[in-house]
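Comments concern the structure below.
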Amino acid sequence: MTRYMYDAVNPDDIPADAQMVAGYVDGPVSVWPLDAWGRWPNAVMVRITVLGGDTDADVGDVESGDMTPQGCVDWVLARRAAGGTPVIYCNVSTLFAVRNAFGVRTVRQPMYWLARPGADESIPGDCVAVQFDFHGGYDRSAVRNYWPGIGTAPAPAPVIPPPPPGYSEGTDAMHVETGSVEMKGSKGYFTLPDPALVGRVVAVNVFEQTPSVAGTYVPVPGYVGLASDRGTLEFGPGAYGPVSDGIYGFEYWVAG
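Dropping the structure here:
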């Protein structure tokens, strides 16, 4: 999801309903008054330094009259030493010189906020934002859904156990539960506990109870079955031949 961020030298020019705002913590003509930072109580705030002396700032500004490509490397190192995640703002024509400054000093590249007026809103891979829309009093940028160091990182995707090997149709399946199965000779049956699951089961593993240890199950090689359109699933003999009558367990996967 793309967000939009507004920045301006004069905070009065930024719309009152902005959800993400970037302002200046220093600079002879750009520094914001302290009370300006509270005008958007619900917005995500981004702090910009043009001089490079503030290691609490989120962004270092590299352009004419502000930090140089060489000088921004020092700020990035200081920002990292302070525990922050530095971002460098620069325009397209300056980007090569900035990258080169980090390469010459063998310093890991920072992330970038790229000024690209009149371009589309697409954000290059090593950028967190692209400034694409220049107005009279403010500029607007497209911003990634997550800016490291600003805001909360998205929750990691849940780890879903894969279905048994060889079943590509279960790549997005959800592992549900285990239960008991009736196995007679070369065929096994179990009834789904919920009729709503009919047609959604994509794979099943069958386990045989270990005779010497009650309640302990071991996999039955070859006994893997796909769902039928009934509430009862049936399994034929696997690669290791028919199994004996006995007590078995099963685990199955339901398509999400």
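The sequence shown maps to residues 1 to 256 in this note's numbering.
Glycine included, C-beta positions come from ideal geometry on N, C-alpha and C.
Note that this is a predicted model, so its numbers are computed, not measured.
Confirm, please, whether the CB-CB distance from P86 to V98 is below 7 angstroms. Here residue 98 corresponds to residue number 98 of the sequence shown, with the count starting at 1. Here residue 86 corresponds to residue number 86 of the sequence shown, with the count starting at 1. No, Cβ-Cβ distance for V98 and P86 is not below 7 angstroms.
Please classify L114: does DSSP put it in a helix, a strand, or coil? The residue labelled residue 114 in the question sits at position 114 within the sequence shown. Strand, per DSSP.
Under 7 angstroms Cβ to Cβ from D74, same chain only, skipping five residues before and after it: list those, please. As a working note, residue 74 is residue 74 in the sequence shown. Within the same chain, D74 has close Cβ partners G52.
At a cut-off of 6 angstroms, would you count R80 as near the ligand SAH, judging by its Cβ distance to the nearest heavy atom? Absence of the ligand SAH from the depicted structure is noted, as is the absence of any ligand whatsoever, leaving it without description.
If we count the other Cβ atoms within 10 Å of its Cβ and call it buried at 16 or more, is Q131 buried or exposed? Taking the sequence shown and counting its residues from 1, the one referred to as residue 131 is at position 131. Under this definition Q131 is a buried residue.
As assigned by DSSP and simplified to three states, the class of Q19: Residue numbering aside, residue 19 sits at position 19 when the sequence shown is read from its first letter. The DSSP-derived three-state label of Q19 is coil.
Report yes if the CB atom of P88 is closer than 7 angstroms to the CB atom of C72, and no otherwise. For this step, residue 88 is matched to residue 88 along the sequence shown. For this step, residue 72 is matched to residue 72 along the sequence shown. What sits at residue 88 in the sequence shown is Ile, not Pro. Judged by beta-carbon spacing, C72 lies within the 7 angstroms limit of I88, meaning their Cβ atoms are closer than that value.
Check whether W40 and V21 have beta carbons under 7 angstroms apart: Position 40 of the sequence shown, counted from the first residue, corresponds to residue 40. Position 21 of the sequence shown, counted from the first residue, corresponds to residue 21. Contact: yes.
In three-state DSSP terms, what is S122? One-based indexing of the sequence shown puts residue 122 at position 122. DSSP places S122 in coil when its eight states are reduced to three.
Buried or exposed (CB count within 10 angstroms, at least 16 for buried), R116: Reading the sequence shown from its first residue, position 116 is the one you call residue 116. Buried, since its Cβ has 16 or more Cβ neighbours within 10 Å.
In the structure shown, what three-state DSSP assignment does G222 receive? Looking up residue 222 in the sequence shown gives position 222. Reliability of the predicted coordinates at G222 is poor, the pLDDT of 41 falling under 50, and no value is obtained from them.
Over what stretch of residues does the beta strand (DSSP E) that includes D7 continue unbroken? In the sequence shown, the residue the question calls residue 7 occupies position 7. Counting along the chain, D7 sits inside the beta strand (DSSP E) bounded by residues 3 to 7.
Return helix, strand or coil for S141, following the three-state DSSP convention. Position 141 of the sequence shown, counted from the start, is the residue given in the question as residue 141. Strand at S141.
I'd like the ranges of any beta strand (DSSP E) spanning at least 3 consecutive residues and lying wholly in the stretch 9 to 67. At a cut-off of 3 residues, the continuous stretches assigned as beta strand (DSSP E) that sit fully inside the stretch 9 to 67 are 20 to 24, 44 to 49, 59 to 61.
Taking L114 as the reference, which of R105, F102, C127, V107 has the closest Cα? Counting from 1 along the sequence shown, the entry for residue 114 is found at position 114. With distances taken between Cα atoms, L114 lies closest to C127.
Per DSSP, the bridge partner or partners of F134: Taking the sequence shown and counting its residues from 1, one reaches residue 134 at position 134. Within the DSSP secondary-structure output, F134 pairs in a beta bridge with D139.
Rounding to the nearest angstrom, what Cα-Cα distance links R105 and R80 in this structure? Your numbering for residue 105 matches position 105 in the sequence shown. Your numbering for residue 80 matches position 80 in the sequence shown. Roughly 15 angstroms between the two C-alpha positions.
Looking at the unbroken beta strand (DSSP E) that takes in V87, where does it start and where does it end? Indexing the sequence shown from 1 puts residue 87 at position 87. Run containing V87: 87 to 91, per the beta strand (DSSP E) assignment.
What did DSSP end up calling M183 once you bin it into helix, strand or coil? Here the question's residue 183 lines up with position 183 in the sequence shown. Residue confidence for M183 is low, a pLDDT of 46 falling below 50, so the modelled location carries little weight; the figure read from the coordinates is stated next. Here M183 sits in strand by DSSP.
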